[in-house]
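Just below is one structure, and these are the notes that go with it.
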Amino acid sequence: MSGGDRVDLIVRAPRILTMSELGIMEDGCVAVSGGVITYVGGGGSCPRSEERLDLAHHLLMPGLIDAHAYTYLLAAGRSSADAMGFRPGPDALYWSALFAYTTMLLSGVTTVRDSSHDPSILERAAQRSGIRVVASRLVEPGENAVPWSEITIRTMDGWSPGPPTPGTGRVALDVSDLESPFDVGLVRSASASIVAGASIPLGAARVLKDAGVGLVITPSQALRGRWTGGILRMRSVGVDAALGTGIRSLYAIPNLLDEARIALHLDAMGGFDPNPSPLIESMTSVAGSVLGGGVGRIAPGFRADMIALDLRKPHLRFPSGDLSSALLFSANRGDFDYVLVNGEIVVEDGRHRWLYPEGIARKLESVLSSS
-5 MSGGDRVDLI
5 VRAPRILTMS
15 ELGIMEDGCV
25 AVSGGVITYV
35 GGGGSCPRSE
45 ERLDLAHHLL
55 MPGLIDAHAY
65 TYLLAAGRSS
75 ADAMGFRPGP
85 DALYWSALFA
95 YTTMLLSGVT
105 TVRDSSHDPS
115 ILERAAQRSG
125 IRVVASRLVE
135 PGENAVPWSE
145 ITIRTMDGWS
155 PGPPTPGTGR
165 VALDVSDLES
175 PFDVGLVRSA
185 SASIVAGASI
195 PLGAARVLKD
205 AGVGLVITPS
215 QALRGRWTGG
225 ILRMRSVGVD
235 AALGTGIRSL
245 YAIPNLLDEA
255 RIALHLDAMG
265 GFDPNPSPLI
275 ESMTSVAGSV
285 LGGGVGRIAP
295 GFRADMIALD
305 LRKPHLRFPS
315 GDLSSALLFS
325 ANRGDFDYVL
335 VNGEIVVEDG
345 RHRWLYPEGI
355 ARKLESVLSS
365 S
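Each residue of the sequence shown is one higher than the last, beginning at -5 in my numbering.
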(Lines of atoms letter the chains of each structure in order from A and count residues from 1; the text may use other names and numbers.)
(Lines give C-alpha, C1' and ligand atoms only; values in the text may rest on other atoms or scores of the structure.)
Protein backbone atom coordinates (compact mmCIF):
# COMPACT_ATOMS: atom_id res chain seq x y z
CA MET A 1 0.00 0.00 0.00
CA SER A 2 1.37 3.41 -0.92
CA GLY A 3 1.34 6.33 1.47
CA GLY A 4 -1.17 8.11 -0.73
CA ASP A 5 -3.88 5.47 -0.49
CA ARG A 6 -6.84 6.39 1.70
CA VAL A 7 -8.08 3.94 4.34
CA ASP A 8 -10.91 3.81 6.88
CA LEU A 9 -8.83 4.14 10.03
CA ILE A 10 -5.27 4.78 11.15
CA VAL A 11 -4.12 3.72 14.62
CA ARG A 12 -0.78 5.11 15.80
CA ALA A 13 1.08 3.92 18.88
CA PRO A 14 4.62 4.30 20.26
CA ARG A 15 4.88 0.54 20.60
CA ILE A 16 3.07 -2.22 18.72
CA LEU A 17 3.31 -5.84 19.80
CA THR A 18 2.30 -7.49 16.53
CA MET A 19 2.59 -11.20 17.54
CA SER A 20 3.72 -11.76 13.95
CA GLU A 21 7.00 -11.89 12.09
CA LEU A 22 6.99 -8.08 12.32
CA GLY A 23 7.86 -8.37 16.01
CA ILE A 24 7.67 -5.27 18.20
CA MET A 25 7.43 -2.00 16.27
CA GLU A 26 8.40 1.37 17.70
CA ASP A 27 6.46 4.49 16.68
CA GLY A 28 4.27 2.57 14.28
CA CYS A 29 0.89 2.78 12.65
CA VAL A 30 -1.78 0.32 11.57
CA ALA A 31 -4.08 1.00 8.62
CA VAL A 32 -7.54 -0.55 8.47
CA SER A 33 -9.99 -0.88 5.57
CA GLY A 34 -13.21 -2.86 5.68
CA GLY A 35 -12.36 -4.26 9.09
CA VAL A 36 -9.08 -5.76 7.85
CA ILE A 37 -5.51 -4.60 8.49
CA THR A 38 -4.00 -3.39 5.23
CA TYR A 39 -0.72 -1.86 6.39
CA VAL A 40 1.61 -2.00 9.40
CA GLY A 41 4.69 0.18 9.39
CA GLY A 42 6.58 3.18 10.65
CA GLY A 43 4.59 6.20 11.74
CA GLY A 44 6.17 8.42 9.12
CA SER A 45 4.68 6.48 6.21
CA CYS A 46 1.06 6.03 7.29
CA PRO A 47 -1.62 6.13 4.60
CA ARG A 48 -4.18 8.92 4.70
CA SER A 49 -7.41 8.39 6.60
CA GLU A 50 -10.53 10.30 7.60
CA GLU A 51 -10.42 8.73 11.07
CA ARG A 52 -7.35 8.50 13.30
CA LEU A 53 -6.72 7.06 16.72
CA ASP A 54 -3.52 8.47 18.19
CA LEU A 55 -2.35 6.52 21.23
CA ALA A 56 0.52 8.60 22.55
CA HIS A 57 1.38 6.42 25.55
CA HIS A 58 -0.07 3.02 24.75
CA LEU A 59 1.00 -0.47 23.84
CA LEU A 60 -1.07 -1.72 20.91
CA MET A 61 -1.44 -5.48 20.48
CA PRO A 62 -3.85 -8.05 19.02
CA GLY A 63 -7.08 -8.65 20.89
CA LEU A 64 -7.06 -11.64 23.20
CA ILE A 65 -8.80 -14.86 22.13
CA ASP A 66 -10.72 -17.18 24.45
CA ALA A 67 -10.53 -20.42 22.47
CA HIS A 68 -13.00 -22.50 24.51
CA ALA A 69 -15.76 -21.12 26.75
CA TYR A 70 -19.11 -22.06 28.27
CA THR A 71 -20.54 -18.69 29.23
CA TYR A 72 -24.02 -20.16 29.70
CA LEU A 73 -22.77 -21.73 32.95
CA LEU A 74 -23.04 -18.28 34.55
CA ALA A 75 -26.75 -19.07 34.76
CA ALA A 76 -26.09 -22.39 36.51
CA GLY A 77 -23.67 -21.56 39.29
CA ARG A 78 -21.51 -23.89 41.32
CA SER A 79 -24.41 -24.81 43.61
CA SER A 80 -26.30 -26.49 40.78
CA ALA A 81 -26.63 -30.22 41.39
CA ASP A 82 -26.08 -30.99 37.72
CA ALA A 83 -24.42 -27.88 36.36
CA MET A 84 -22.79 -29.61 33.42
CA GLY A 85 -26.17 -30.96 32.28
CA PHE A 86 -27.85 -27.60 32.78
CA ARG A 87 -29.78 -26.04 29.90
CA PRO A 88 -30.83 -22.43 30.47
CA GLY A 89 -33.89 -20.93 28.87
CA PRO A 90 -33.49 -18.48 25.98
CA ASP A 91 -33.56 -15.35 28.17
CA ALA A 92 -31.09 -16.72 30.70
CA LEU A 93 -28.79 -17.85 27.90
CA TYR A 94 -28.92 -14.47 26.15
CA TRP A 95 -28.29 -12.35 29.24
CA SER A 96 -25.57 -14.69 30.53
CA ALA A 97 -23.77 -14.41 27.20
CA LEU A 98 -24.26 -10.65 26.94
CA PHE A 99 -22.91 -10.11 30.46
CA ALA A 100 -19.94 -12.39 29.82
CA TYR A 101 -19.14 -10.84 26.44
CA THR A 102 -19.30 -7.28 27.78
CA THR A 103 -16.92 -8.05 30.65
CA MET A 104 -14.66 -10.02 28.31
CA LEU A 105 -14.30 -6.98 26.06
CA LEU A 106 -13.36 -4.86 29.06
CA SER A 107 -10.68 -7.48 29.78
CA GLY A 108 -9.19 -7.25 26.30
CA VAL A 109 -10.89 -10.31 24.75
CA THR A 110 -12.09 -9.64 21.21
CA THR A 111 -12.82 -13.22 20.07
CA VAL A 112 -14.42 -16.11 21.93
CA ARG A 113 -15.31 -19.62 20.87
CA ASP A 114 -18.41 -20.23 22.96
CA SER A 115 -20.67 -23.28 23.18
CA SER A 116 -24.32 -23.74 24.13
CA HIS A 117 -27.33 -25.78 23.12
CA ASP A 118 -28.63 -22.83 21.06
CA PRO A 119 -25.67 -21.03 19.43
CA SER A 120 -27.95 -18.65 17.54
CA ILE A 121 -28.62 -16.88 20.84
CA LEU A 122 -24.86 -16.55 21.41
CA GLU A 123 -24.55 -14.88 18.02
CA ARG A 124 -27.33 -12.44 18.91
CA ALA A 125 -25.62 -11.52 22.18
CA ALA A 126 -22.28 -11.13 20.40
CA GLN A 127 -23.79 -8.81 17.82
CA ARG A 128 -25.22 -6.67 20.62
CA SER A 129 -21.93 -6.52 22.52
CA GLY A 130 -19.55 -6.09 19.60
CA ILE A 131 -17.38 -9.12 20.37
CA ARG A 132 -16.41 -11.64 17.72
CA VAL A 133 -17.90 -15.05 18.53
CA VAL A 134 -17.37 -18.48 17.06
CA ALA A 135 -20.68 -19.96 18.21
CA SER A 136 -20.68 -23.72 18.65
CA ARG A 137 -23.60 -26.04 19.29
CA LEU A 138 -23.10 -28.18 22.38
CA VAL A 139 -23.97 -31.80 21.62
CA GLU A 140 -24.70 -34.48 24.19
CA PRO A 141 -23.95 -38.20 23.69
CA GLY A 142 -26.55 -39.79 21.45
CA GLU A 143 -27.42 -36.61 19.55
CA ASN A 144 -26.71 -36.80 15.84
CA ALA A 145 -27.23 -34.90 12.58
CA VAL A 146 -26.62 -31.52 14.19
CA PRO A 147 -27.30 -28.70 11.70
CA TRP A 148 -24.59 -26.25 12.74
CA SER A 149 -21.17 -25.39 11.36
CA GLU A 150 -19.43 -25.49 14.76
CA ILE A 151 -20.05 -28.38 17.14
CA THR A 152 -18.73 -29.12 20.63
CA ILE A 153 -18.88 -32.65 22.04
CA ARG A 154 -18.45 -32.51 25.80
CA THR A 155 -17.24 -36.08 26.20
CA MET A 156 -16.90 -39.23 24.13
CA ASP A 157 -17.82 -41.48 27.06
CA GLY A 158 -20.87 -43.44 25.97
CA TRP A 159 -20.88 -41.85 22.53
CA SER A 160 -22.89 -43.81 19.98
CA PRO A 161 -23.17 -44.47 17.12
CA GLY A 162 -20.57 -42.05 15.76
CA PRO A 163 -19.73 -38.49 14.81
CA PRO A 164 -22.66 -36.05 14.79
CA THR A 165 -22.09 -34.60 11.34
CA PRO A 166 -19.91 -36.83 9.19
CA GLY A 167 -17.88 -34.83 6.72
CA THR A 168 -19.42 -31.46 7.56
CA GLY A 169 -18.73 -28.63 9.96
CA ARG A 170 -15.97 -28.40 12.54
CA VAL A 171 -16.00 -30.49 15.69
CA ALA A 172 -14.37 -29.64 19.02
CA LEU A 173 -13.99 -32.45 21.53
CA ASP A 174 -13.84 -31.45 25.21
CA VAL A 175 -11.99 -34.24 27.01
CA SER A 176 -11.87 -32.50 30.40
CA ASP A 177 -14.35 -34.90 32.02
CA LEU A 178 -13.38 -37.99 30.05
CA GLU A 179 -13.58 -40.92 32.48
CA SER A 180 -12.12 -43.58 30.20
CA PRO A 181 -8.41 -43.46 29.21
CA PHE A 182 -7.61 -40.90 26.55
CA ASP A 183 -7.73 -42.48 23.11
CA VAL A 184 -6.60 -40.68 19.96
CA GLY A 185 -8.96 -42.99 18.10
CA LEU A 186 -11.89 -41.24 19.80
CA VAL A 187 -10.73 -37.95 18.36
CA ARG A 188 -10.52 -39.45 14.90
CA SER A 189 -13.94 -41.10 15.19
CA ALA A 190 -15.48 -37.72 16.01
CA SER A 191 -13.65 -36.05 13.11
CA ALA A 192 -12.49 -33.50 15.67
CA SER A 193 -10.34 -30.59 14.56
CA ILE A 194 -10.04 -29.12 18.08
CA VAL A 195 -9.40 -30.94 21.37
CA ALA A 196 -9.85 -29.02 24.63
CA GLY A 197 -9.04 -30.06 28.17
CA ALA A 198 -6.60 -29.86 31.04
CA SER A 199 -5.44 -33.47 30.98
CA ILE A 200 -4.23 -34.23 27.47
CA PRO A 201 -1.35 -36.76 27.60
CA LEU A 202 1.83 -35.46 25.99
CA GLY A 203 2.13 -38.41 23.63
CA ALA A 204 -1.42 -37.88 22.42
CA ALA A 205 -0.77 -34.14 22.10
CA ARG A 206 2.15 -34.78 19.75
CA VAL A 207 0.09 -37.18 17.62
CA LEU A 208 -2.79 -34.71 17.43
CA LYS A 209 -0.46 -31.86 16.50
CA ASP A 210 1.03 -33.90 13.67
CA ALA A 211 -2.52 -34.66 12.48
CA GLY A 212 -3.34 -30.95 12.33
CA VAL A 213 -5.68 -30.98 15.35
CA GLY A 214 -5.68 -27.75 17.38
CA LEU A 215 -5.25 -28.03 21.15
CA VAL A 216 -6.80 -25.83 23.84
CA ILE A 217 -5.90 -25.87 27.55
CA THR A 218 -8.63 -24.97 30.08
CA PRO A 219 -6.99 -24.26 33.48
CA SER A 220 -10.29 -23.85 35.38
CA GLN A 221 -10.68 -27.60 35.08
CA ALA A 222 -8.06 -27.77 37.85
CA LEU A 223 -10.82 -26.57 40.19
CA ARG A 224 -12.48 -29.94 39.58
CA GLY A 225 -9.30 -31.83 40.42
CA ARG A 226 -8.18 -32.50 36.85
CA TRP A 227 -4.81 -31.08 35.87
CA THR A 228 -1.78 -32.69 34.29
CA GLY A 229 -0.11 -29.54 33.02
CA GLY A 230 -0.71 -26.81 30.54
CA ILE A 231 0.81 -24.41 28.03
CA LEU A 232 4.40 -24.59 29.29
CA ARG A 233 4.30 -28.36 29.61
CA MET A 234 3.01 -28.69 26.05
CA ARG A 235 5.65 -26.28 24.79
CA SER A 236 8.37 -28.42 26.39
CA VAL A 237 7.63 -31.17 23.84
CA GLY A 238 7.19 -28.83 20.90
CA VAL A 239 3.39 -28.54 20.98
CA ASP A 240 1.63 -25.17 20.96
CA ALA A 241 -1.78 -24.89 22.60
CA ALA A 242 -4.36 -22.12 22.87
CA LEU A 243 -5.99 -21.03 26.11
CA GLY A 244 -9.67 -21.10 27.07
CA THR A 245 -11.75 -20.28 30.12
CA GLY A 246 -13.72 -23.53 29.85
CA ILE A 247 -15.95 -24.07 32.87
CA ARG A 248 -14.75 -20.95 34.70
CA SER A 249 -18.27 -19.54 34.43
CA LEU A 250 -19.30 -22.04 37.11
CA TYR A 251 -17.12 -20.17 39.58
CA ALA A 252 -16.62 -16.62 38.32
CA ILE A 253 -17.00 -14.22 35.43
CA PRO A 254 -14.79 -15.47 32.57
CA ASN A 255 -11.37 -13.80 32.74
CA LEU A 256 -8.79 -15.06 30.27
CA LEU A 257 -5.84 -13.31 31.93
CA ASP A 258 -6.70 -15.01 35.22
CA GLU A 259 -6.77 -18.34 33.38
CA ALA A 260 -3.30 -17.63 32.04
CA ARG A 261 -2.03 -16.88 35.54
CA ILE A 262 -3.55 -20.10 36.89
CA ALA A 263 -1.91 -22.06 34.09
CA LEU A 264 1.46 -20.41 34.64
CA HIS A 265 1.44 -20.98 38.39
CA LEU A 266 0.36 -24.61 38.12
CA ASP A 267 3.03 -25.34 35.53
CA ALA A 268 5.62 -23.53 37.65
CA MET A 269 4.71 -25.84 40.54
CA GLY A 270 5.51 -28.69 38.16
CA GLY A 271 9.03 -27.38 37.66
CA PHE A 272 8.63 -25.33 34.48
CA ASP A 273 10.19 -21.89 34.11
CA PRO A 274 7.36 -19.34 34.53
CA ASN A 275 7.95 -17.69 31.18
CA PRO A 276 4.95 -15.49 30.31
CA SER A 277 5.64 -15.25 26.57
CA PRO A 278 4.10 -18.64 25.62
CA LEU A 279 0.98 -17.68 27.57
CA ILE A 280 0.64 -14.43 25.63
CA GLU A 281 1.00 -16.42 22.41
CA SER A 282 -1.63 -18.89 23.60
CA MET A 283 -4.15 -16.02 23.83
CA THR A 284 -3.22 -14.39 20.51
CA SER A 285 -1.26 -15.92 17.63
CA VAL A 286 -1.56 -19.58 18.67
CA ALA A 287 -5.28 -19.24 19.46
CA GLY A 288 -5.77 -17.56 16.10
CA SER A 289 -4.09 -20.49 14.37
CA VAL A 290 -6.35 -22.94 16.22
CA LEU A 291 -9.59 -21.11 15.47
CA GLY A 292 -8.73 -19.67 12.06
CA GLY A 293 -10.56 -16.64 10.75
CA GLY A 294 -7.54 -14.35 10.48
CA VAL A 295 -7.32 -13.26 14.12
CA GLY A 296 -4.54 -13.10 16.70
CA ARG A 297 -1.93 -10.99 14.88
CA ILE A 298 -1.38 -7.41 13.81
CA ALA A 299 -0.33 -7.95 10.21
CA PRO A 300 -1.72 -7.19 6.74
CA GLY A 301 -4.66 -9.43 5.90
CA PHE A 302 -5.66 -10.08 9.51
CA ARG A 303 -8.81 -8.83 11.21
CA ALA A 304 -8.47 -5.42 12.82
CA ASP A 305 -9.06 -6.70 16.36
CA MET A 306 -6.71 -4.74 18.63
CA ILE A 307 -6.37 -3.64 22.25
CA ALA A 308 -4.39 -0.83 23.85
CA LEU A 309 -2.94 -0.41 27.34
CA ASP A 310 -1.55 2.81 28.79
CA LEU A 311 1.97 1.90 29.89
CA ARG A 312 2.13 4.95 32.17
CA LYS A 313 -0.11 3.23 34.72
CA PRO A 314 2.10 2.47 37.74
CA HIS A 315 1.34 -1.25 37.90
CA LEU A 316 2.13 -1.69 34.18
CA ARG A 317 5.58 -0.05 34.37
CA PHE A 318 7.28 -3.03 35.97
CA PRO A 319 9.17 -5.20 35.39
CA SER A 320 10.77 -2.48 33.29
CA GLY A 321 11.20 -3.46 29.66
CA ASP A 322 9.34 -6.77 30.01
CA LEU A 323 6.05 -6.30 28.16
CA SER A 324 4.94 -9.93 28.50
CA SER A 325 5.36 -9.98 32.27
CA ALA A 326 3.69 -6.59 32.71
CA LEU A 327 0.71 -7.74 30.68
CA LEU A 328 0.32 -11.22 32.14
CA PHE A 329 1.04 -10.50 35.80
CA SER A 330 -0.24 -6.95 36.19
CA ALA A 331 -3.01 -6.11 33.70
CA ASN A 332 -6.56 -6.21 35.00
CA ARG A 333 -10.07 -5.68 33.71
CA GLY A 334 -10.38 -1.97 32.96
CA ASP A 335 -6.73 -1.52 31.98
CA PHE A 336 -7.60 -1.85 28.30
CA ASP A 337 -8.37 1.74 27.39
CA TYR A 338 -9.25 0.90 23.80
CA VAL A 339 -10.64 -2.29 22.31
CA LEU A 340 -11.31 -2.51 18.58
CA VAL A 341 -13.17 -5.30 16.80
CA ASN A 342 -13.27 -5.27 13.01
CA GLY A 343 -11.69 -1.84 13.13
CA GLU A 344 -14.57 -0.42 15.21
CA ILE A 345 -13.93 1.05 18.65
CA VAL A 346 -15.99 -0.96 21.15
CA VAL A 347 -14.25 0.08 24.38
CA GLU A 348 -13.09 3.68 24.82
CA ASP A 349 -11.34 5.07 27.90
CA GLY A 350 -11.87 1.72 29.59
CA ARG A 351 -15.66 1.74 29.16
CA HIS A 352 -17.93 -0.05 26.74
CA ARG A 353 -19.26 2.55 24.34
CA TRP A 354 -22.93 1.52 24.46
CA LEU A 355 -23.43 -1.14 27.15
CA TYR A 356 -23.36 -0.94 30.95
CA PRO A 357 -22.30 -4.12 32.79
CA GLU A 358 -24.16 -3.09 35.94
CA GLY A 359 -27.47 -2.90 34.11
CA ILE A 360 -26.86 -6.20 32.31
CA ALA A 361 -26.00 -7.89 35.62
CA ARG A 362 -29.23 -6.64 37.19
CA LYS A 363 -31.24 -7.92 34.24
CA LEU A 364 -29.53 -11.31 34.42
CA GLU A 365 -30.29 -11.54 38.14
CA SER A 366 -33.91 -10.70 37.45
CA VAL A 367 -34.20 -13.33 34.72
CA LEU A 368 -32.59 -16.01 36.89
CA SER A 369 -34.73 -15.21 39.93
CA SER A 370 -37.93 -15.52 37.90
CA SER A 371 -37.00 -18.77 36.16
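Where a beta carbon is used, it is the ideal one built from N, C-alpha and C, also for glycine.
Since this is a predicted model, take the numbers as computed values, not measurements.
Residue i - DSSP class collapsed to helix/strand/coil
i       : result
Asp112  : coil
Asp(-1) : coil
Asp60   : strand
Ser318  : helix
Thr146  : strand
Ala25   : strand
Met13   : coil
Leu68   : helix
Phe323  : helix
Gly353  : helix
Ala255  : Note that residue 255 is Arg in the sequence shown here, rather than Ala. If DSSP states are grouped into helix, strand and coil, Arg255 belongs with the helices.
Asp343  : coil
Pro84   : helix
Asp261  : helix
Leu362  : helix
Gly337  : coil
Gly38   : helix
Closest by C-alpha distance to residue i, when choosing among the options
i       : options                        : result
Gly282  : Ser185, Ser193, Val106, Phe266 : Val106
Val231  : Ser319, Arg242, Leu202         : Leu202
Ile256  : Arg327, Ile211, Ala70          : Ile211
Pro195  : Arg81, Met228, Ser187          : Met228
Asp128  : Thr239, Ile354, Leu285, Arg81  : The question names Asp, but residue 128 is Val in the sequence shown. Selected option, being the one with the closest Cα: Leu285.
Ser214  : Val280, Ala320, Asp171, Ala50  : Asp171
Asp(-1) : Arg9, Glu20, Thr32, Met19      : Thr32
Ser276  : Ile247, Leu305, Gly208, Val340 : Gly208
Arg9    : Arg46, His52, Leu47            : His52
Val341  : Leu47, Asp234, Phe80           : Leu47
Pro313  : Ile339, Val280, Pro270         : Pro270
Arg123  : Glu352, Arg356, Arg347         : The residue you asked about is not Arg; residue 123 is Ser in the sequence shown. Among Glu352, Arg356, Arg347, the Cα nearest to that of Ser123 is on Arg347.
Leu322  : Ala190, Leu303, Phe80          : Leu303
Thr239  : Ala190, Gly265, Gly38          : Ala190
Ala320  : Gln121, Ile274, Val280, Asp60  : Ile274
Pro241  : Leu49, Gly79, Lys307           : Position check: residue 241 holds Ile in this sequence, whereas Pro was assumed. Checked all of Leu49, Gly79, Lys307; the closest Cα to Ile241 is Gly79.
Gly17   : Ala205, Gly265, Leu54, Glu352  : Leu54
Ile188  : Phe266, Ile247, Val280         : Val280
Leu334  : Leu237, Gln121, Ala119, Ile125 : Ile125
Asp60   : Ala184, Lys307, Gly163, Ser109 : Ser109
Pro272  : Lys307, Ser318, Gly163         : Ser318
Cβ neighbours of residue i in the same chain (closer than 6 Å, five flanking residues each side left out)
i      : result
Ala198 : Phe176, Val178
Leu370 : Past the boundaries of the shown model lies residue 370; the chain is included only from -5 to 365, so the question cannot be answered.
Leu58  : Gly102, Val103, Leu250, Met277
Met19  : Ile10
Pro160 : With a pLDDT of 48 at Pro160, under the threshold of 50, the modelled position of that residue is not reliable, and the figure given next carries that caveat. Result list for Pro160: empty, nothing under 6 Å.
Ala186 : Val165, Leu167
Arg131 : Pro113, Val140, Trp142, Ile145
Met263 : none
Arg356 : none
Ala205 : none
Leu49  : Ala7, Ala302
Contact set for residue i: own chain, Cβ-Cβ below 7 Å, skip 5 residues either direction
i      : result
Glu15  : none
Pro56  : Met13, Thr278, Gly290, Arg291, Ile292, Asp299, Met300
Ala86  : Ala69, Val361, Leu362, Ser365
Gly337 : Asp2, Leu3, Val26, Gly29, Ala298
Glu117 : Val127, Ala129
Ser90  : Thr65, Tyr66, Leu68, Ala69, Pro82, Leu358
Ile354 : Trp89, Leu92, Phe93, Thr96
Gly36  : Asp21, Gly22
Ala325 : Leu251, Leu303, Leu310
Cut-off 8 Å between Cβ atoms - residues of its own chain near residue i, not counting five sequence neighbours on either side
i      : result
Gly288 : Val30, Gly282, Gly295, Phe296, Arg297
Gly344 : Leu100, Gly328, Asp329, Phe330, Asp331
Arg370 : Within the shown structure, residues of the chain are numbered from -5 to 365, placing residue 370 beyond reach of any answer.
Asp261 : Gly223, Gly224, Ile225, Leu226, Arg227, Pro268
Ala216 : Ala192, Ile256, Leu260
Pro84  : Asp112, Ile115
Quiz prompt | Inside the region 164 to 252 only - alpha helix (DSSP H) runs reaching at least 4 residues | solution = Fully enclosed alpha helix (DSSP H) runs of 4 or longer: 178 to 183, 196 to 204, 225 to 229.
Quiz prompt | Runs of alpha helix (DSSP H) wholly within the region 273 to 316 (minimum 4 residues, chain order) | solution = 279 to 285, all fully within the region 273 to 316.
Quiz item: Within the chosen definition, does the region 2 to 9 reach the region 30 to 47 through at least 3 CB pairs nearer than 8 Å?
Solution: Yes: at least three Cβ pairs fall under 8 Å.
Quiz item: Taking one C-beta from the region 9 to 29 and one from the region 58 to 68 each time, how about it: are there three or more such pairs within less than 8 Å?
Solution: By the Cβ criterion, the region 9 to 29 is not in contact with the region 58 to 68, since fewer than three pairs of Cβ atoms, one from each stretch, lie closer than 8 Å.
Exercise. Kindly confirm or deny that the region 101 to 115 and the region 323 to 340 touch, where touching means at least three C-beta pairs closer than 8 Å.
Key: Note that the region 101 to 115 touches the region 323 to 340; at least 3 beta-carbon pairs, one per stretch, sit closer than 8 Å.
Quiz item: Hey, which unbroken runs of the alpha helix (DSSP H) at 4 residues or more fall wholly within the region 88 to 133?
Solution: Within the region 88 to 133, the alpha helix (DSSP H) runs of at least 4 residues that lie entirely inside it are, in chain order, 113 to 123.
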